[in-house]
Amino acid sequence: DPISVVPGIVTVAGETFCHIIANKRLLFTRRRGRYRFEIAFPNMNLDLDNLNVERHGLLAAFYCPVPAGTVDAVHFSNQTAQNQKLKMYGYQISASGQVQRDLTNGYLTHIGNRVGQEYIGHDCTPSKLSLSGSPIFNEERQLVGISYADFGITKALNVENIASMLSEFYDGMENRPMSDILQRIRDVGEHQFVQPADHMT
Numbered sequence: 006d007p008i009s010v011v012p013g014i015v016t017v018a019g020e021t022f023c024h025i026i027a028n029k030r031l032l033f034t035r036r037r038g039r040y041r042f043e044i045a046f047p048n049m050n051l052d053l054d055n056l057n058v059e060r061h062g063l064l065a066a067f068y069c070p071v072p073a074g075t076v077d078a079v080h081f082s083n084q085t086a087q088n089q090k091l092k093m094y095g096y097q098i099s100a101s102g103q104v105q106r107d108l109t110n111g112y113l114t115h116i117g118n119r120v121g122q123e124y125i126g127h128d129c130t131p132s133k134l135s136l137s138g139s140p141i142f143n144e145e146r147q148l149v150g151i152s153y154a155d156f157g158i159t160k161a162l163n164v165e166n167i168a169s170m171l172s173e174f175y176d177g178m179e180n181r182p183m184s185d186i187l188q189r190i191r192d193v194g195e196h197q198f199v200q201p202a203d204h205m206t
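In terms of the working numbering, the sequence shown opens at residue 6 and continues consecutively.
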């Protein structure tokens with residue numbers, strides 16, 4: 006089966022697991038059955054079909070087992086301002102079918118509001134494939150948004166909206182700060198991926 010490349014963002018990295026979010030529309034499409042979804046980590050790939058993928062709002066989220074030190078979680082920042090310098094992690098598929106990755110410079114062009122949901126506009130656009138789901142960072146390498154295309158306009162979910170959508174995955178997390186939500190994500194992951202030695206203590 007052909008591979009569909011989808012950017013994922015690691016929110017929490019534990020000793021034996023990590024938690025990943027991605028743009029829901031990229032994973033749950035009408036043509037989902039035509040593609041094989043894999044998670045590419047350094048030195049390993051995981052088949053997404055074997056994992057429990059949930060979705061709320063614009064996000065899909067899932068846990069997956071990984072060896073300690075395999076990946077690092079992003080750091081979130083809700084501090085944004087117009088004309089702020091940004092970098093977007095982008096990718097494209099080469100003629101040989103290989104995934105090419107890059108970081109593209111850009112700026113936060115405006116902060117807007119649509120249907121009661123605040124978003125940030127930006128001009129970081131490495132490739133058409135990177136319009137949806139790609140992480141956007143500030144100069145301190147903190148994640149400030151997740152890019153998406155809305156009627157041809159490139160926007161990004163800000164951290165407040167990301168937190169709001171993440172809270173829907175867990176009971177009692179509504180209106181809680183991102184730090185509390187990330188701690189809940191970690192607690193659930195540690196319970197789900199208990200190491201064998203932990204059962205004996």
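For each residue, glycine too, the CB sits at the ideal point set by N, CA and C.
So what does DSSP say about residue i, is it helix, strand or coil?
i	result
residue 50	strand
residue 78	coil
residue 168	helix
residue 87	coil
residue 204	Unreliable placement is indicated for residue 204, whose pLDDT of 49 sits below 50; the coordinate value is still reported in the next sentence. Three-state DSSP puts residue 204 in a helix.
residue 10	coil
residue 56	coil
residue 183	helix
residue 194	helix
residue 64	strand
residue 16	strand
residue 73	coil
Assuming residue i is part of the beta strand (DSSP E), what are its boundary residues?
i	result
residue 115	104-119
residue 152	148-155
residue 122	122-127
residue 142	140-142
residue 162	158-163
Taking 8 Å as the cut-off, decide whether the C-beta atoms of residue i and residue j are in contact.
i	j	result
residue 163	residue 124	yes
residue 59	residue 51	no
residue 22	residue 69	yes
residue 57	residue 67	yes
residue 143	residue 91	yes
residue 78	residue 15	yes
residue 174	residue 19	no
residue 109	residue 126	no
residue 171	residue 158	no
residue 53	residue 28	no
residue 116	residue 87	yes
residue 249	residue 141	Summary: the structure shown does not reach residue 249, with the chain confined to residues 6 through 206, and so no result is reported for it.
residue 30	residue 139	no
Could you work out which residue in the options is closest to residue i when comparing CA atoms only?
i	options	result
residue 160	149, 31, 144	149
residue 94	87, 153, 184	153
residue 104	132, 169, 79	132
residue 146	184, 82, 137	82
residue 96	65, 19, 13, 199	13
residue 17	191, 29, 88	191
residue 106	89, 122, 118, 130	130
residue 80	177, 183, 196, 128	183
residue 72	24, 100, 155	24
Check for me: the alpha helix (DSSP H) holding residue i runs from which residue to which?
i	result
residue 32	29-32
For the ligand SAH, any of its heavy atoms closer than 7 Å to the Cβ of residue i?
i	result
residue 132	Among the components of this structure there are no ligands whatsoever, and the ligand SAH is therefore not found.
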